[in-house]
Structures are given as C-alpha cells and as structure tokens.
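Structure first, then comments.
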Amino acid sequence: MLGKWRAAAPCTAKMGLREAQTILRSQAEPAGTERVLLGNAGFRILAEPLFARIDSPRETVAAMDGFAVSEKAVQAGCLTFALAGASYPGDSAPAGRDPSAAVRVTTGAPMPPGKDRVIPFELVEETPATIRLAGPLPGARHVRLKASGFEAGQLVLPRGTLLDPAKLLVAAASDNGDVLVHRRPGVRVITNGSELVGAGLAAETGNRVPDSLSLPLLLMARQWGADAVGGMLCPDYAGAIRKAVLAALEDCDVLVIAGGASNGDCDLARPVLRALGLVPFFAGVSIKPGKPVWYGKAGGVHVLGLPGNPAAAMTIARLFLAPLLSTLSGRPFAAALDWQEKPLGAAAEAADPMRDMALFGHRGPDGTVTILPRQSASAQLPLAKAELLVLRPAGGPALPTGAPVPVLDL
Ligand SMILES: Nc1nc2c(c(=O)[nH]1)N[C@H]1C(S)=C(S)[C@@H](COP(=O)(O)OP(=O)(O)OC[C@H]3O[C@@H](n4cnc5c(N)ncnc54)[C@H](O)[C@@H]3O)O[C@H]1N2
Ligand code: MOO
0 MLGKWRAAAP
10 CTAKMGLREA
20 QTILRSQAEP
30 AGTERVLLGN
40 AGFRILAEPL
50 FARIDSPRET
60 VAAMDGFAVS
70 EKAVQAGCLT
80 FALAGASYPG
90 DSAPAGRDPS
100 AAVRVTTGAP
110 MPPGKDRVIP
120 FELVEETPAT
130 IRLAGPLPGA
140 RHVRLKASGF
150 EAGQLVLPRG
160 TLLDPAKLLV
170 AAASDNGDVL
180 VHRRPGVRVI
190 TNGSELVGAG
200 LAAETGNRVP
210 DSLSLPLLLM
220 ARQWGADAVG
230 GMLCPDYAGA
240 IRKAVLAALE
250 DCDVLVIAGG
260 ASNGDCDLAR
270 PVLRALGLVP
280 FFAGVSIKPG
290 KPVWYGKAGG
300 VHVLGLPGNP
310 AAAMTIARLF
320 LAPLLSTLSG
330 RPFAAALDWQ
340 EKPLGAAAEA
350 ADPMRDMALF
360 GHRGPDGTVT
370 ILPRQSASAQ
380 LPLAKAELLV
390 LRPAGGPALP
400 TGAPVPVLDL
C-alpha cells in the first residue's frame, strides 16, 4: 500500500469552516455498493431504485371479517342471503356466482367472483344457513381492489432512500428480498496520548485520564452509516503511532486520529502521517473550538485529525466526520449539515471576533434553543445536556432572547 502513496503536498494556510468543508466534500465519494438480504439492509442507503415485483393486493380482497355479497343484490333490496362456503387469505376464492348467496370471508381473503361488498359480521344476524341484514349498511364496501396499493413494476422507493423501518416495510411489501445498497465505510479511531487509559481504569492509577473519545467517535461513525471497525489507544511515541496507523490503514476507509493535533512536543500524529505519505488538504481551521483539525488522504484512506480536547473533538467530528461519512455511505454531504434557524431562549454573548464558534446547546420550550454555560474545548460535563450545535459566525454581536441562530442537531 505504501508504494502507491504520493509525495506530501504543502498544507494550505488556516481557512474558514465553509472552505474546509468544501474541500472535504470534493474528496468524498460513496464507498461502492453491495447486494444484501433485506434483513441486513436496515438503515442502509439504496443504491438502486426499487420496483414492486407484485401487485398489492395481488387480487381483490376483503377489508373486513364478514360476508361477501353482491352489491347489486344489496341495492335491489335483498335482506337475506344463503351462506355458500368461505374464503380465507392465501386460498383461492370459491367459485359460484349465485347473486343471492353470501360467502364467509376474513380480512385479506380473495373476494369470490361476483361479490363486491363485504358486510361486517357485526351488521348481520346469522343462522347456520343464512345471514340477515340487521340494519342499514354503510357506504363503504370494505373491499380492497387488486393493485389499488401499488402495481407490479411500479417504482416504490427511489435510489438514495435510507432504509428506515417504514421504508423497509415498503421494500418487503413489494417483494424485494434483496437490495443493492451502498457499502458502509469502515472507520477506525486512534486516540493519542500517553496519559490515556480505557474508561473505567483511571481511578486505580495515579494520574491517568480516561479516554472519553474513542467510544463516542465510533458511535458517531455508526450513527452516520459507517462500520465502527475499532479503536486503538496509542501513547505519544512516534514509533507506536506509526505502527497503529499502518495497521489501521490496512482495513478502513476513514481513519480518525484524536489528539496530538497541535504543535507541542507530544503532538506527533500529523508528522507521523506526513512521513507515511499523507497528502494533506488542510491543517488548521478558523473555528472555535477545534482549530487544530486537519485532513488528508493516505493511500486512498481519508484521515481526519481531531484535537485531543474532548469537547473540541466532538464538535469537529460532528462538523467534518458526519458529512464525510454521510457521503461515503451514499447520502448527500449536506444531509449531515442541515442547519436550521431557531430562536434563542436566552440572550447570548458576542461571538469571537476572529473565529466562527460552534457551541453546544439544548432545546427549550416553544422551539427555542439555549447555549449551554461553562463551555470550553476541554470541558466535558456540558455534553451531558448537549442536543445540538449553535453556530456563531466570527464577529457576531451579542444577541437578545428570541434572535434567530443556526442550529445543527447532534
Ligand atoms: N502552543 C499552543 N498550544 C496549543 C495550541 C496552540 O495553538 N498553540 N492549540 C490548543 C488547542 S486549540 C487545542 S484544541 C489543543 C489540542 O491539542 P492536541 O490535539 O495536541 O491534544 P492533546 O495535547 O493530545 O490533548 C489535549 C487535552 O485533551 C486531553 N485528551 C486528549 N485525548 C483525549 C481523549 N481521548 N480522552 C480524554 N481526554 C483527552 C489530553 O489529556 C489533554 O488534556 O492544543 C492546545 N494547545
Ligand atoms: O481549538 Mo481548541 O479546540 O479551542 O481548544
């Protein structure tokens, strides 16, 4: 794989959020397709349009449990019908066209020839051999006509559909047992820092810090249509990072490296990747938090470098990793950047004069949003209440309650 890597190109200077996202978008392509059984297609993206393989219903069927009769006979004033057989779902309807006969039916049963109304059993008095109308009949005939739901050959789901439970129902109803879907991109996460230990292992050590990033980043990857291939915790040694990166590049489409993104003595992630032939596309974005974010490609693998400060890393992952994975898994890049204007539930301070800010917020009553207090790149507890990101463009003034702000769901 190394042999195919191109020489590193120079990094661009620090750029704005939009510009960096535009570069990322230009590099993102869906990760290919595969045919899977419908049972394995949940939450995947259709890579083909789906057409109905059958009519629905396949023939004209009863829509209520009761008795199939001739509407003409009802209109002619017939009040008593002789009982002549039964029809059940999946069976063939009994033959016989006697207009004064009624056939016992259950919901979904094929309507016998000549019968075009179902009288629900609640509306008749039944004897062993006859039924008699107990009162006036409703207008509805309680019959579902052949192909009234959809016709064989009809487009039922367009390409690009997310197969959520409702769409999976339509695929199954139209008798599609296997479907062509976009491949899930594989994501690996390397968390970088000699101080880090797995969550749950820190209290017993002197001064170690729980790795709070690899698990949420892998979960976010799954949320955006990827396979979470795995996480690796890596100390701040160039040799260790190199080994972890080489292993990760073998079996993923996207490598996320959190930590070691700035320029301190222990910030080795980017130099190691550069030495391995990373082609950098940007390093440093004018955003707060998360300014040290960087992105490049190594042997066809997308490599996204996140700052180690956890709140900054999560913010940047939502703004960069989510749209990247959205595209790789077959959805539009913009599907993950659906900013909506919402009114502020409480006044907000002026924005940073130099950098766009993305701040965690939560929903209040009446569709308002409130920016969470005590936020910083390293503060983790505000995420306990975070539901969305609020964008504050650089240089924006203090805002009163009710002012509209762009909001992105987490
Ligand atoms: N001289 C400068 N120093 C720093 C700059 C700068 O421009 N000049 N930028 C600052 C900014 S902004 C950020 S953000 C941080 C990001 O730095 P790194 O990506 O190198 O992050 P680390 O140094 O590895 O870690 C920072 C902090 O976060 C903790 N951390 C890291 N990974 C995890 C994890 N997986 N789980 C929990 N906590 C983690 C780590 O222990 C550190 O406390 O750099 C500033 N410095
Ligand atoms: O950019 Mo850093 O994430 O502000 O602390």
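Numbering (numbering that gives the first Met the number 0), first residue to last: 0 to 409. Here a beta-carbon is modelled for each residue, glycine too, at the ideal position from N, C-alpha and C.
Identity of the residue in the options nearest residue i by Cα
{"i": "glutamate 340", "options": "Ala172, Pro405, Val389, Pro396", "result": "Pro405"}
{"i": "arginine 57", "options": "Gly152, Asp163, Ala139, Pro135", "result": "Gly152"}
{"i": "leucine 277", "options": "Asp264, Ala239, Leu245, Gly95", "result": "Leu245"}
{"i": "glycine 138", "options": "Ile130, Arg131, Leu156, Arg116", "result": "Arg116"}
{"i": "phenylalanine 417", "options": "Thr326, Leu267, Leu303", "result": "Beyond the ends of the chain as shown, which are 0 and 409, falls residue 417; an answer cannot be given."}
{"i": "alanine 146", "options": "Glu28, Leu232, Asp54, Thr106", "result": "Asp54"}
{"i": "leucine 16", "options": "Cys77, Met356, Gly360", "result": "Met356"}
{"i": "tyrosine 87", "options": "Thr59, Glu70, Gly76, Gln74", "result": "Thr59"}
{"i": "alanine 243", "options": "Leu272, Asp264, Ala225", "result": "Leu272"}
{"i": "alanine 393", "options": "Ala350, Gln20, Leu195", "result": "Ala350"}
{"i": "alanine 225", "options": "Gly38, Gly307, Thr326", "result": "Thr326"}
{"i": "leucine 358", "options": "Val255, Leu318, Gly230, Thr129", "result": "Leu318"}
{"i": "alanine 397", "options": "Pro135, His361, Leu343, Leu407", "result": "Leu343"}
{"i": "histidine 361", "options": "Arg330, Leu305, Leu323, Asp408", "result": "Asp408"}
{"i": "leucine 136", "options": "Lys13, Cys77, Ala376", "result": "Cys77"}
{"i": "alanine 141", "options": "Gly159, Gly107, Lys13, Ser173", "result": "Checking the sequence shown, residue 141 turns out to be histidine, not alanine. Nearest option by C-alpha distance: Gly107."}
{"i": "glycine 148", "options": "Pro164, Ala172, Ile256", "result": "Ala172"}
Alpha helix (DSSP H) segment containing residue i, residue limits
{"i": "lysine 296", "result": "No alpha helix (DSSP H) holds lysine 296; the beta strand (DSSP E) holding it covers 293 to 297."}
{"i": "valine 413", "result": "With the chain running from 0 to 409 in the structure shown, residue 413 is simply not present."}
{"i": "leucine 162", "result": "Careful: leucine 162 lies outside any alpha helix (DSSP H) and carries neither H nor E."}
{"i": "isoleucine 53", "result": "Run containing isoleucine 53: none; DSSP gives neither H nor E here."}
{"i": "glutamate 431", "result": "Shown here, the chain extends from 0 to 409; a query on residue 431 therefore has no answer."}
Cβ pair residue i, residue j closer than 7 angstroms
{"i": "asparagine 191", "j": "glycine 258", "result": "yes"}
{"i": "alanine 83", "j": "valine 68", "result": "no"}
{"i": "alanine 335", "j": "alanine 321", "result": "yes"}
{"i": "alanine 72", "j": "proline 93", "result": "no"}
{"i": "alanine 30", "j": "arginine 182", "result": "yes"}
{"i": "glutamate 125", "j": "alanine 133", "result": "no"}
{"i": "alanine 346", "j": "proline 291", "result": "no"}
{"i": "threonine 79", "j": "arginine 34", "result": "no"}
{"i": "leucine 371", "j": "proline 381", "result": "yes"}
{"i": "glycine 41", "j": "leucine 161", "result": "no"}
{"i": "arginine 96", "j": "proline 109", "result": "no"}
{"i": "leucine 275", "j": "leucine 232", "result": "no"}
{"i": "leucine 156", "j": "valine 169", "result": "yes"}
{"i": "leucine 267", "j": "alanine 239", "result": "no"}
{"i": "isoleucine 315", "j": "leucine 323", "result": "no"}
heavy atom of ligand 2 below 6 angstroms from residue i C-beta
{"i": "alanine 225", "result": "no"}
{"i": "alanine 257", "result": "no"}
{"i": "glycine 299", "result": "no"}
{"i": "glycine 283", "result": "no"}
{"i": "asparagine 262", "result": "no"}
{"i": "asparagine 175", "result": "no"}
{"i": "proline 306", "result": "yes"}
{"i": "proline 288", "result": "yes"}
Residue range of the unbroken beta strand (DSSP E) whose run includes residue i
{"i": "alanine 83", "result": "79 to 86"}
{"i": "glutamine 339", "result": "339 to 342"}
{"i": "isoleucine 118", "result": "116 to 119"}
Any non-hydrogen atom of ligand 1 within 6 angstroms of residue i CB
{"i": "glutamate 33", "result": "no"}
{"i": "alanine 202", "result": "no"}
{"i": "glycine 205", "result": "no"}
{"i": "valine 186", "result": "no"}
{"i": "glycine 366", "result": "no"}
{"i": "proline 291", "result": "yes"}
Review point. Taking contact to mean at least 3 C-beta pairs separated by less than 8 angstroms, is the stretch 113 to 120 in contact with the stretch 53 to 72?
Key: yes
Point to revise | Stretch pair the stretch 301 to 318 + the stretch 283 to 291: three plus CB contacts closer than 8 angstroms | key: yes
Review point. Taking contact to mean at least 3 C-beta pairs separated by less than 8 angstroms, is the stretch 23 to 30 in contact with the stretch 196 to 208?
Key: no
Practice item. Tell me, please, whether the stretch 37 to 57 touches the stretch 173 to 181 by the rule of three or more beta-carbon pairs shorter than 8 angstroms. Key: yes
Review point. Does the stretch 182 to 201 come within contact of the stretch 233 to 251, defined as at least 3 CB pairs closer than 8 angstroms?
Key: yes
Review point. Between the stretch 364 to 372 and the stretch 205 to 221, do three or more beta carbon pairs fall short of 8 angstroms?
Key: no
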